[in-house]
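Asks: Numbering (our numbering), first residue to last: 8 to 310.
Glycine residues also receive a C-beta, built at the ideal position from the N, C-alpha and C atoms.
#1: Report the start-end ranges of each beta strand (DSSP E) in the segment 49-85 that is 3 residues or longer and not cut off at the edges.
#2: Rounded to the nearest angstrom, what separates residue 144 and residue 30 at their Cα positions?
#3: Apart from the five residues on each side of it in sequence, which residues of its chain come closer than 7 Å, Cβ to Cβ, to residue 304?
#4: Helix, strand or coil: which one does DSSP assign to residue 237?
#5: Excluding the five sequence neighbours on either side, which residues of its own chain have a C-beta within less than 8 Å of the C-beta of residue 132, listed in chain order?
#6: Per DSSP, which residues does residue 142 bridge with? Please list them.
#7: For residue 199, does the three-state DSSP call read helix, strand or coil?
#8: If I measure Cβ to Cβ from residue 6 and keep anything under 7 Å in the same chain, skipping five residues before and after, which residues do I get?
#9: Between which two residues does the alpha helix (DSSP H) containing residue 100 stretch?
#10: Considering only their Cβ atoms, is the gap separating residue 117 from residue 50 smaller than 8 Å?
#11: Would DSSP call residue 87 helix, strand or coil?
#12: Should residue 69 go down as buried or exposed, given a rule of 16 or more other Cβ atoms within 10 Å for buried?
#13: My understanding is that residue 93 touches residue 48, with C-beta atoms under 8 Å, so please give their C-beta distance in whole angstroms.
#14: Tell me whether residue 131 sits in a helix, a strand or coil according to DSSP, three-state version.
#15: Please report the distance separating the alpha-carbon of residue 89 from that of residue 121.
#16: By alpha-carbon positions, which one of 288, 134 and 179 ends up nearest to residue 97?
#17: Would you decide whether residue 164 is buried or exposed? Buried here means 16 or more other CB atoms lie within 10 Å of its CB.
#18: Cα-Cα, which of 104, 240, 27 and 21 is closest to residue 123?
#19: Are the beta-carbon atoms belonging to residue 119 and residue 75 less than 8 Å from one another?
#20: Considering only C-alpha positions, which residue in the set 80, 46 and 72 is nearest to residue 60?
#21: What is the rounded straight-line gap between the Cα of residue 169 and the Cα of residue 162?
#22: Could you check the C-alpha separation between residue 158 and residue 82 for me, to the nearest Å?
#23: With DSSP run on the structure shown, which of helix, strand or coil describes residue 124?
#24: With a cut-off of 8 Å, does the C-beta of residue 30 fall near any C-beta of chain C?
#25: Near residue 220, what residues of its chain come up, given a Cβ to Cβ distance below 6 Å and the 5 sequence neighbours on each side ignored?
#26: Please tell me whether residue 85 and residue 139 are closer than 8 Å, where the distance is taken between their beta carbons.
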C-alpha cells in the first residue's frame with residue numbers, strides 16, 4: 008500500500024514554518040527592516056548613547072538608509088557602547104564619513120545620521136564591518152537654548168532696565184503731584200457732569216419749551232406777514248411820498264400862504280416890525296396905563 012507524503016504531520020509542520028516566516032517577516036517589517044534588501048554593517052563606539060535603542064533609524068541628509076541593528080555595552084571601558092548599524096548595500100561610505108548621534112524630534116528620541124563626506128574616484132571607501140568615527144550632535148533643545156538664550160538675556164536686561172525706570176518714575180514726587188492733580192480734575196469733572204445732568208434734567212426742558220413757544224410765535228408772525236398786501240402798502244407809501252414832495256414844492260414856491268411866509272422877505276420884515284411895535288406898546292401900556300384907560304366917577308378932567 009502506497010503511503011501518502013502530505014500527511015497530517017507534514018502539513019502541520021509546513022504551516023508552522025510558514026507561520027514562523029510570516030511572524031519573522033512581520034516583526035522585521037514593523038521594525039522597518041526590509042529582509043529582502045541586502046545591507047552592509049558598520050560599527051561605532053560611544054561613551055553615552057543617550058537612550059539609543061535597536062531599530063532606531065539611520066539617515067543620510069534626512070533620508071533613511073538603514074537602522075541600528077544592535078547595541079552592545081562594556082562598562083569597563085570609557086567608550087562603553089558599541090553600536091551596529093545597517094546601511095543599504097548600494098550606498099558606499101567614503102573615508103571621512105562620521106556616525107553622528109542626534110535628537111530625533113522634541114520627545115527626546117535618538118537617531119543616527121551619517122555625515123556623508125564628499126568622495127571622488129580615487130577616494131577610499133569603508134568596507135563592510137569597518138568601525139567608523141563617531142560624534143554626538145547638538146540636540147534640538149540645545150540648539151534652541153543656544154539660539155534663544157542670548158535673546159532671553161537681552162530681553163531680561165531690557166526688562167530690568169524698564170523695571171528700574173518704572174520704579175524711578177513711581178517714586179518721583181512729581182508723579183504723585185500729577186496723580187493728585189488728575190484726581191482733583193476727575194473730581195471736578197464728576198461734579199461738572201452731575202451739574203450738567205441736573206441742567207439737562209431741569210432747565211433744558213423749560214428752555215426747549217420756550218424755544219417751541221418762540222417758534223410758534225414766529226410761525227404766526229410769518230403767517231401774518233404773508234397775509235399783508237405789500238403792493239397796496241408800497242403804493243400808499245409812494246402816494247404819501249408824492250404828497251410830501253408836492254407840499255415841499257409848494258412851501259418852497261411863492262404861490263401859497265406858507266410859501267409867501269417862507270420866501271417873501273418884505274413880509275418877514277413887516278411882521279418883525281409889527282411884533283416890535285406891539286412889544287413897545289405893551290411896555291408903554293404897563294408903564295403909563297392912564298394914558299390909554301381913564302376911570303372917573305365924576306367925569307373926566309380936562310387937561
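Replies: For this structure:
#1: As summarised for the segment 49-85, the continuous beta strand (DSSP E) elements at least 3 residues long and confined to that stretch are 64-67 and 70-80, given in chain order.
#2: Their Cα atoms are separated by approximately 36 Å.
#3: Caution is warranted here: a pLDDT of 48 is assigned to residue 304, below 50, making its placement in the model unreliable, and no coordinate value can be reported.
#4: For residue 237, the secondary structure class from DSSP, reduced to helix, strand or coil, is helix.
#5: Excluding the 5 residues flanking it on each side, residue 132 has same chain C-beta neighbours closer than 8 Å at 99, 100, 101, 102 and 126, in chain order.
#6: Note: residue 142 sits in a beta bridge opposite 107.
#7: Helix at residue 199.
#8: The structure shown does not extend to residue 6, since the chain spans only 8 to 310, so no value can be given for it.
#9: Looking at the DSSP string, residue 100 is not in any alpha helix (DSSP H), and its letter there is neither H nor E.
#10: Inclusion of residue 50 and residue 117 in the CB contact set at 8 Å is not warranted, their separation being larger than that value.
#11: Looking at residue 87 - three-state DSSP - the assignment turns out to be coil, as it is neither helix nor strand.
#12: Classification for residue 69: exposed.
#13: Taking the Cβ atoms as the reference, residue 93 lies roughly 6 Å from residue 48, within the contact range of under 8 Å.
#14: Looking at residue 131 - three-state DSSP - the assignment turns out to be coil, as it is neither helix nor strand.
#15: Here the alpha carbons of residue 121 and residue 89 stand approximately 16 Å from one another.
#16: Ranking the options by Cα distance to residue 97, first place goes to 134.
#17: A residue is called buried once 16 or more other Cβ atoms fall within 10 Å of its Cβ, and residue 164, having fewer, is exposed.
#18: Out of 104, 240, 27 and 21, 104 has the C-alpha closest to the C-alpha of residue 123.
#19: Contact: yes.
#20: The shortest C-alpha separation from residue 60 is found at 80.
#21: For residue 169 and residue 162, the distance between alpha carbons rounds to 10 Å.
#22: Residue 158 and residue 82 have their C-alpha atoms roughly 40 Å apart.
#23: Three-state result, residue 124: coil.
#24: Absent from the structure: chain C. Only one protein chain is present.
#25: Result list for residue 220: empty, nothing under 6 Å.
#26: For residue 85 and residue 139, no; Cβs fall outside 8 Å.
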